[in-house]
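In terms of full-length UniProt numbering, the sequence shown is residues 1 to 162.
This report refers to the structure that appears directly beneath it.
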Amino acid sequence: MDRLQQSAWRYVAEILPPEELPMLAAHALVDGHDSPALCALAGLPRRSDETEIRGLYVQALHECGVPLPDDETAGRWLLVGLAVGLANAELSPKDVVNRLSMTVAARTPEETQFLSIAADYSEWMDADALPGWETGLRTAAHSLTASTDLGSGIGVPGARRD
Numbered sequence: 001m002d003r004l005q006q007s008a009w010r011y012v013a014e015i016l017p018p019e020e021l022p023m024l025a026a027h028a029l030v031d032g033h034d035s036p037a038l039c040a041l042a043g044l045p046r047r048s049d050e051t052e053i054r055g056l057y058v059q060a061l062h063e064c065g066v067p068l069p070d071d072e073t074a075g076r077w078l079l080v081g082l083a084v085g086l087a088n089a090e091l092s093p094k095d096v097v098n099r100l101s102m103t104v105a106a107r108t109p110e111e112t113q114f115l116s117i118a119a120d121y122s123e124w125m126d127a128d129a130l131p132g133w134e135t136g137l138r139t140a141a142h143s144l145t146a147s148t149d150l151g152s153g154i155g156v157p158g159a160r161r162d
């Protein structure tokens with residue numbers, strides 16, 4: 001999945017801030033995508049009007065033939081991306097909890113288990129319970145990444161890509 005396709009689910013999952021979209025557009029141009037809206041977006045400063053940035057981004061996706069996923073699909077990709085990040089030690093268990101930024105619906109038993117364990121976290125969790133929760137979340141992450149039907153290369157939410 002290329003950077004522009006990956007950005008579509010991150011955008012719908014509300015983990016891609018609008019101020020990052022102009023630079024993302026510049027990278028997409030370097031990656032070989034081309035459209036008038038993508039060029040216009042790449043030329044905007046990061047502090048431009050959010051409505052203008054969002055409008056150009058959605059138009060650029062359309063012009064490049066990249067569909068925006070529905071909320072459920074974006075949420076599932078978010079879950080899998082978080083599980084991959086945790087399984088690969090790119091994210092900590094607390095990072096996973098902090099990056100669950102939207103209402104996510106799980107469709108598979110593995111998604112449900114991962115989401116359920118993540119939801120059990122509380123900043124007031126007893127220090128003795130924390131290691132068990134972290135182990136359970138890591139186990140669920142490995143199970144989800146091994147069973148997913150969403151494919152590889154979806155990326156880790158919040159991880160920097162160059």
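The beta-carbon is built from N, C-alpha and C at its ideal position, and this holds for glycine as well.
Would you mind listing the alpha helix (DSSP H) stretches within the stretch 111-154 that are 4+ residues and don't spill past its ends, in chain order? Runs of the alpha helix (DSSP H) inside the stretch 111-154: 130-147.
Just mark Ala42 as buried or exposed, buried being the case when its beta carbon has 16 or more other beta carbons within 10 Å. Result: buried.
Would you call the stretch 83-97 and the stretch 52-63 in contact, with 3 or more CB pairs under 8 Å? no
Under the three-state reduction of DSSP, which class applies to Val104: helix, strand or coil? coil
Under the rule that 16 or more other beta-carbon atoms within 10 Å means buried, what is Gly85, buried or exposed? buried
Residue ranges of each alpha helix (DSSP H) within the stretch 24-65, 4 or longer: 36-42, 50-63
In the structure shown, what three-state DSSP assignment does Leu21 receive? helix
Distance CB(Pro22)-CB(Arg3) smaller than 8 Å: no
Restricting to Cα atoms, I'd like to know which of Ala141, Ala40, Glu110 is closest to Leu83. The sequence given here places Ala at residue 83; Leu does not occur at that position. For Ala83, the nearest C-alpha among the options comes from Ala141.
For Ser7, count the other beta carbons within 10 Å of its own beta carbon; 16 or more makes it buried, fewer makes it exposed. Which is it? For Ser7, the number of other beta carbons within 10 angstroms of its own is at least 16, and it is reported as buried.
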